[in-house]
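Visitor: Residue numbers (the working numbering): 213 to 590.
For every residue, glycine included, the Cβ atom is placed at its ideal position computed from N, Cα and C.
Small disclaimer: the values here were computed from a predicted structure and weren't measured.
(1) Quick one: give me the first and last residue of the beta strand (DSSP E) that residue 419 is part of.
(2) Name, in chain order, the residues that DSSP records as bridge partners for residue 626.
(3) Distance, Cα to Cα, residue 353 vs residue 444?
(4) Are three or more beta carbon pairs between the segment 465 to 477 and the segment 321 to 329 nearer than 8 Å?
(5) Between the alpha carbons of residue 381 and residue 356, how many angstroms are there, rounded?
(6) Could you check the C-alpha separation between residue 418 and residue 373 for me, to the nearest Å?
(7) Is residue 577 buried or exposed, if buried means 16 or more other CB atoms sit within 10 Å of its CB?
(8) Taking Cβ to Cβ, would you say residue 528 is nearer than 8 Å to residue 515?
(9) What would DSSP say about residue 270, mapped onto helix, strand or coil?
(10) What residue does the beta strand (DSSP E) around residue 371 start on, and which one ends it?
(11) Buried or exposed: where does residue 602 fall if 16 or more other Cβ atoms within 10 Å of its Cβ makes it buried?
(12) Based on the DSSP output, what are the partners of residue 356 in its beta bridges?
(13) Name the two residues that bound the continuous beta strand (DSSP E) containing residue 529.
(14) What three-state label does DSSP hand residue 536 in the structure shown?
(15) Cβ atoms of residue 246 and residue 562: under 8 Å apart, would you say?
(16) Using 10 angstroms around the beta-carbon of residue 404, count the other beta-carbons present and answer buried if the total reaches 16, otherwise exposed.
(17) In or out: residue 213 buried (at least 16 other Cβ within 10 Å) or exposed?
(18) Report the rounded CA-to-CA distance for residue 501 versus residue 285, giving the unit in angstroms.
(19) Which residue from 513, 346, 297, 303 puts its Cα closest to that of residue 319?
(20) Apart from the five residues on each side of it in sequence, which residues of its chain come closer than 8 Å, Cβ to Cβ, to residue 555?
(21) Which term fits residue 484, buried or exposed, when burial requires 16 or more other beta carbons within 10 angstroms of its beta carbon?
(22) What are the complete beta strand (DSSP E) segments, minimum 3 residues, inside the segment 234 to 298?
(23) Report the option in 368, 358, 218 whose CA atom is closest to the CA atom of residue 422.
(24) What is the C-beta distance between residue 269 and residue 215, in whole angstroms, given that I count them as a contact (C-beta under 8 Å)?
(25) Can you list, in chain order, the residues of its chain with a C-beta nearer than 6 Å to that of residue 459? Leave out the 5 residues immediately preceding and following it.
(26) For the putative contact between residue 235 and residue 228, defined by C-beta atoms under 8 Å, what is the C-beta separation to the nearest angstrom?
(27) Given this structure, state the Cα-to-Cα distance separating residue 362 from residue 467, to the nearest angstrom.
(28) Going along the chain, which residues of its own chain have a beta-carbon closer than 8 Å to the beta-carbon of residue 350, five neighbours each way excluded?
(29) Measure from the alpha carbon of residue 258 to the alpha carbon of each residue in 431, 394, 248, then state which is nearest.
(30) Short of 6 Å in beta carbon distance, which residues of its chain neighbour residue 261, apart from the five on each side in sequence? Order them along the chain.
(31) Using only the alpha-carbon positions, how far apart do residue 477 and residue 370 sit?
(32) I need the DSSP call for residue 541, collapsed to helix, strand or coil.
(33) What's the call for residue 463, buried or exposed, on a 16-neighbour Cβ count within 10 Å?
(34) Opposite residue 549 in the DSSP bridges: which residues?
(35) From residue 540 to residue 546, what distance separates their C-alpha atoms?
(36) Could you check if residue 231 is buried or exposed, using at least 16 other CB atoms within 10 Å of its CB as the buried criterion?
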């Protein structure tokens, strides 16, 4: 029997958006299409998560599942037409707070470009799926929408200062906590989103929303740190020096155990976990009018408590994440793989991915090549 190989991606687009702090999440569409051709050339049968799970992720023939995290609008624009073109099913994991429910119209797609009705520039949209796009894709039979929790957030989890807010900083979670209604616009309106926090705002160590109670930084501490940066030359920003400057204030609060003015209680976190896991399922089911069966944890983070809550809520399986080790996939999605460019080469990226898959399947030569790669720091 052969293990089902589960692939995962985030953003698939015609270009890398260089002014986006998370541009590393994007794989260009030609590299993704190369993966689909790889599957055909290597005689994989692409199946749904439901079929793979029902057969305990093992088949006589080579099988694969295609999964996509975050529910970016580019899934509808680029991926959905390619799935239909190659007749391959795919699953997109959506966080309900990131649905563009205020946008009623559907976006143009690659199919419009192929038909000569739109040029590629007119497809360039940076945001998230809306409900109508999800319903249209599901009606086609080639796409299933599943849960990626409700908020996709990380929260401050401890008193260690990691950075301060600066031009171009990765500020989705601190801003998203204070202005959750703006989260869907953080890519295409990045400058306005970034400006919601004063530069110099302290960023503390953080963990996934399902793993930590929310720690709310002391408002006086925030004001003091921001104040010392009011005349700072951000054009010469250096993280180490900026953190050291802010640390002079933070350490005083840390010594007095006063970095946070409030920490979410156990009961409050339990209620929030229910919203993240159970309510996200309910919201998706209400809008898509069908049972939701799978949950993919944002950031790959979860624990036994969050997983057990998901299974009790009716999910068939949740993703493993980086911190969970098991050989029992009766209620887990197996390890996932992806191809990236290596030295700007699609071919090298596919080769490395192929070796990882073969290593996962137990091929001795692949394990040897993997060791060589690690020795070379690839």
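Guide: A quick look at the data gives this:
(1) Here residue 419 is taken as the residue at index 207 of the chain shown, counted from 1. Unbroken beta strand (DSSP E) run through residue 419: 414 to 420.
(2) In this structure the chain extends from 213 to 590, so residue 626 is not present and cannot be described.
(3) As a working note, residue 353 is residue 141 in the chain shown. As a working note, residue 444 is residue 232 in the chain shown. Computed Cα separation, rounded: 54 Å.
(4) Result no; under three Cβ-Cβ pairs closer than 8 Å.
(5) Stepping through the chain shown from its first residue, residue 381 is reached at position 169. Stepping through the chain shown from its first residue, residue 356 is reached at position 144. Their Cα atoms are separated by approximately 33 Å.
(6) Looking up residue 418 in the chain shown gives position 206. Looking up residue 373 in the chain shown gives position 161. Residue 418 and residue 373: Cα-Cα distance of roughly 10 Å.
(7) If you number the chain shown from 1, residue 577 lands on position 365. The residue in question, residue 577, is exposed, as its Cβ has fewer than 16 Cβ neighbours within 10 Å.
(8) On the chain shown, position 316 is the one that residue 528 refers to. On the chain shown, position 303 is the one that residue 515 refers to. The Cβ-Cβ distance between residue 528 and residue 515 does not fall below 8 Å.
(9) Counting from 1 along the chain shown, the entry for residue 270 is found at position 58. In the structure shown, residue 270 sits in a strand (DSSP, three-state: E or B).
(10) Taking the first residue of the chain shown as 1, we reach residue 371 at position 159. Here the beta strand (DSSP E) through residue 371 covers 366 to 376.
(11) Not covered by the structure: residue 602. The range shown for the chain is 213 to 590.
(12) The residue given as residue 356 occupies position 144 in the chain shown. 303.
(13) Here residue 529 refers to the residue found at position 317 when the chain shown is read from its first residue. The continuous beta strand (DSSP E) containing residue 529 extends over residues 529 to 531.
(14) In the chain shown, the residue the question calls residue 536 occupies position 324. Note: residue 536 maps to coil in three-state DSSP.
(15) Along the chain shown, one-based indexing puts residue 562 at 350. Along the chain shown, one-based indexing puts residue 246 at 34. Taking C-beta atoms as the reference points, residue 562 and residue 246 count as a pair closer than 8 Å.
(16) Within the chain shown, the letter at position 192 stands for residue 404. Exposed, by the Cβ-count rule.
(17) Counting from 1 along the chain shown, the entry for residue 213 is found at position 1. So residue 213 ends up on the exposed side.
(18) Translated into positions along the chain shown, residue 501 becomes position 289. Translated into positions along the chain shown, residue 285 becomes position 73. Residue 501 and residue 285 have their alpha carbons spaced roughly 21 Å apart.
(19) Translated into the one-based positions of the chain shown, residue 319 becomes position 107. Minimum Cα distance to residue 319 is reached at 346.
(20) For the purposes of this step, residue 555 is identified with residue 343 of the chain shown, where counting begins at 1. In its chain, beyond the 5 residues on either side, no residue has a beta carbon closer than 8 Å to the beta carbon of residue 555.
(21) To locate residue 484, count along the chain shown from 1; it is residue 272. Burial call: buried.
(22) The qualifying runs are 238 to 240, 275 to 281.
(23) Translated into the one-based positions of the chain shown, residue 422 becomes position 210. Closest option to residue 422, Cα to Cα, is 368.
(24) Working through the chain shown from its first residue, we reach residue 269 at position 57. Working through the chain shown from its first residue, we reach residue 215 at position 3. The C-beta distance from residue 269 to residue 215 rounds to 6 Å, short enough to meet the 8 Å contact threshold.
(25) To locate residue 459, count along the chain shown from 1; it is residue 247. Closer than 6 Å at the Cβ level, and outside the excluded window around residue 459, lie 373.
(26) Within the chain shown, the letter at position 23 stands for residue 235. Within the chain shown, the letter at position 16 stands for residue 228. Right, the Cβ-Cβ distance comes to about 5 Å (below 8 Å), so this counts as a contact.
(27) By 1-based counting over the chain shown, the position of residue 362 is 150. By 1-based counting over the chain shown, the position of residue 467 is 255. One alpha carbon belongs to residue 362, the other to residue 467, and they sit about 35 Å apart.
(28) What you label residue 350 is simply residue 138 of the chain shown in a count that begins at 1. Cβ contact annotation for residue 350 (same chain, cutoff 8 Å, sequence separation greater than five): 356, 357, 500, 502, in chain order.
(29) Taking the chain shown and counting its residues from 1, the one referred to as residue 258 is at position 46. Ranking the options by Cα distance to residue 258, first place goes to 248.
(30) Locating residue 261 in the chain shown gives position 49, counting from the first residue. Contacts found: 277, 303, 506.
(31) Here the question's residue 477 lines up with position 265 in the chain shown. Here the question's residue 370 lines up with position 158 in the chain shown. The straight-line gap from Cα to Cα measures roughly 15 Å.
(32) Here residue 541 is taken as the residue at index 329 of the chain shown, counted from 1. Residue 541 falls in the coil class under three-state DSSP.
(33) The count along the chain shown starts at 1 and reaches residue 463 at position 251. In the assembly as shown, residue 463 is an exposed residue. Its beta-carbon has fewer than 16 other beta-carbons within 10 Å.
(34) Counted from its first residue, the chain shown places residue 549 at position 337. For residue 549, which the question treats as bridged, DSSP gives the partners 219.
(35) The sequence position of residue 540 within the chain shown is 328, counting from 1. The sequence position of residue 546 within the chain shown is 334, counting from 1. For residue 540 and residue 546, the distance between alpha carbons rounds to 9 Å.
(36) Working through the chain shown from its first residue, we reach residue 231 at position 19. Exposed, because fewer than 16 other Cβ atoms sit within 10 Å of the Cβ of residue 231.
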